[in-house]
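Numbering (full-length UniProt numbering), first residue to last: 1 to 711.
Working notes for the structure below.
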């Protein structure tokens, strides 16, 4: 590749690749980073070996129709070289290959070593394929010219490859290139979906965002990460711009009829056009608080997408990040959320009550119930711990049938809803004009089917109406109700409420978060008062010491403190930067407290405190867990697994604090299974901290799909 073709930042189009190599003594080696776009079709020739006459050429590096990369013999060196007159002859000749699918939309480091006796292929620094060959003794008088080889990407409809190249290096002699992939890795921009809030996943997999007029639209949050090819954040002082496009054409969305920009950025309560106010990268991360003013219904019901880019780094596709399709709806619209079903596993993993979803599914575990996380966040703005009194009203859609195989619960009829929700918690008439939150995916609607006499015999103070409202409410309203009820309720009343919510919703885990509500709220209030007596925002670096100390006390974990990585994830969950506000603290606390509570139980505590082996990898995201199971040339062995706490489950989500098993399946794909904590809460409600069962680690290793703990 000529220096002119290579951009100033070291990137170039793959189609511009062309470089002449002088193969002294028939040996040379080369290495480069390559990024193939999703539009690439297979099979495809990545690099062609070209000689003086273009007709005398043959493939050098090829990806076949199964997306396996292959390194072929060289025409002037090896007797087994492919026929130059038959473009498909390479499939019949010996070649070095790797039995792993070559990824698209991802940077991959490729290394090639060529000698008269063999060719060798390296991927991401590891030798993955080697083939011994026969040296072709050349008897022509002028053989010096034949030692010059031109490597190029020769276009064409049949072998066109859409992509980019970075840091292409050639060495005249065979030399070690195994460590060259560590040198100057390329960059990639991506969206950290675990940071999303106020975004709901609808039943068609589309993101639902509330927008429109200024009085209706809501802030939603997203973080964008600039990282290198190894997934490490890159600290570059640049600005990230956000824009709103049509999902079908990629064209910019027009201004509203009021000439408002379609995408707005919020700074200190003031709205600006997103094109006027970029977000600065800080330690490789840019945080956005956005609003959409243009409704999909005003644009022929078309879907949008969010686009993020860093113009100063260049207009490359790998430095652009696109969201899922977005449907912008008004607040008054009765949003129908996703009815993503938790499927029962037919394997022996049922003994551990694991709920499975594939890593390639449209609704992966971290996003299957993204509306839960999105709904948990509004309470921070609408309710402060221990301050305001609230009144909750809930509207149910009588036509919304929400099957849930995991819950097996029934659905209220229209008459039941009308008869059961005529007043607010304080006894005033309910207001059905607007609904702010719809029931979330795993929050199935239960039917009180116990006999009338059992209902009449119950005499504790929490009313039937309160139970019904809680069963139908979304996460935000559930949180508000618990903050109203729990501080003044007795332990017996809390236990009764949890029991009846579990009974009438048909799912025991719906009552688990009620059991810990009183202590969660009390400890949260006390911790915030301790850190900020004047209720002012405080430096994050000062707050982490008190937060960690409280976590260790609740979790009964004196032998294992929080790592820098753990604290960084907590900061990201809170959404704060240098200073921690009360709103950010409440986000953090609603995630951290259920985790600390679960760790404190005898069934989990030993494996948390175990460091050799390290059964639980601290606080990590789904993406980090998947990356840890990726070897340099592909996934690790089937059965390799790690345990983690899902970052999208915050109180009062029924699965807050639960553990997830991320593992490599026998199909060489990543899977995520949720480990039920019902037995932990059952022992807690009965007053027995211990569980008379064999250790969790023994139960995990007894499963046929899990065989080896990963790191």
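Where is the CB? At the ideal position from N, CA and C, for every residue including glycine.
With fewer than 16 other beta carbons inside 10 angstroms of its own, residue 24 counts as exposed.
Under the three-state reduction of DSSP output, residue 574 falls in the helix class.
DSSP places residue 51 outside both helix and strand once states are collapsed to three, so it counts as coil.
DSSP links residue 70 through a beta bridge to 62, 97. For residue 132, the beta-bridge partners assigned by DSSP are 118.
8 Å or more divides the Cβ of residue 236 from the Cβ of residue 266. Bridge partners of residue 307 according to DSSP: 243, 322. With contacts defined by Cβ atoms closer than 8 Å, residue 77 and residue 61 do not form a contacting pair. Burial state of residue 627 is exposed, judged by a 10 Å Cβ sphere holding fewer than 16 other Cβ atoms.
Per the DSSP secondary-structure output, residue 285 pairs in a beta bridge with 225, 282. DSSP, read as helix, strand or coil, puts residue 297 in helix. Short of 6 Å from the beta carbon of residue 510, and not among the five residues preceding or following it, lie these beta carbons of its own chain, in chain order: 501, 502, 654.
Residue 305 is positioned such that its CB atom lies closer than 8 Å to that of residue 323. Put simply, of 57, 111, 81, 12 the residue whose alpha carbon is nearest the alpha carbon of residue 29 is 111.
Residue 35: member of the beta strand (DSSP E) spanning 28-36, first to last residue. Contact annotation: residue 240 and residue 224 have beta-carbon atoms nearer than 8 Å. Within a 10 Å sphere around the beta-carbon of residue 647 sit 16 or more other beta-carbons, which makes this residue buried.
A buried status is given to residue 44, since no fewer than 16 other beta-carbon atoms sit within 10 Å of its beta-carbon. Within the UniProt domain "SH2" (615-700), the complete alpha helix (DSSP H) runs of at least 4 residues fall at 622-628, 678-685. Contact check for residue 189 and residue 226: beta-carbon distance about 6 Å, within the 8 Å limit, so the pair qualifies. Under DSSP, residue 171 takes part in a beta bridge, and its partners are 29. The alpha carbon of residue 515 has as its nearest neighbour, out of 694, 99, 652, the alpha carbon of 652. Looking at 83, 180, 707, 551, the one whose alpha-carbon comes closest to that of residue 109 is 180.
If you draw a 10 Å sphere on the C-beta of residue 621, you find 16 or more other C-beta atoms in it, and that means buried. Contact between residue 191 and residue 220 is ruled out by a C-beta separation of about 12 Å, above the 8 Å threshold. DSSP places residue 148 in the uninterrupted beta strand (DSSP E) bounded by 148-152.
Residue environment for residue 558: exposed (fewer than 16 other C-beta atoms within 10 angstroms of its C-beta). According to the DSSP assignment, residue 272 belongs to no alpha helix (DSSP H) but to the beta strand (DSSP E) extending over 270-273. The beta carbon of residue 209 is closer than 8 Å to those of 198, 199, 200, 218, 220, 292, 326, 327, 328, 329 in its chain, skipping five residues each way along the sequence.
Taking a 10 Å sphere around the C-beta of residue 601, we find 16 or more other C-beta atoms and assign the residue as buried. Our two residues, residue 609 and residue 482, have alpha carbons roughly 32 Å apart in a direct line. Leaving aside the five residues that flank residue 597 on each side, the residues in its chain whose CB is nearer than 7 Å to its CB run, in chain order, 516, 554, 657. The beta carbon of residue 462 is closer than 6 Å to those of 493, 497 in its chain, skipping five residues each way along the sequence. In this structure, residue 611 lies away from residue 710, with their beta-carbon atoms at least 8 Å apart. Proximity to residue 245 across 256, 262, 257 peaks at 262, based on C-alpha coordinates. Bounds of the beta strand (DSSP E) holding residue 188 are 187-197.
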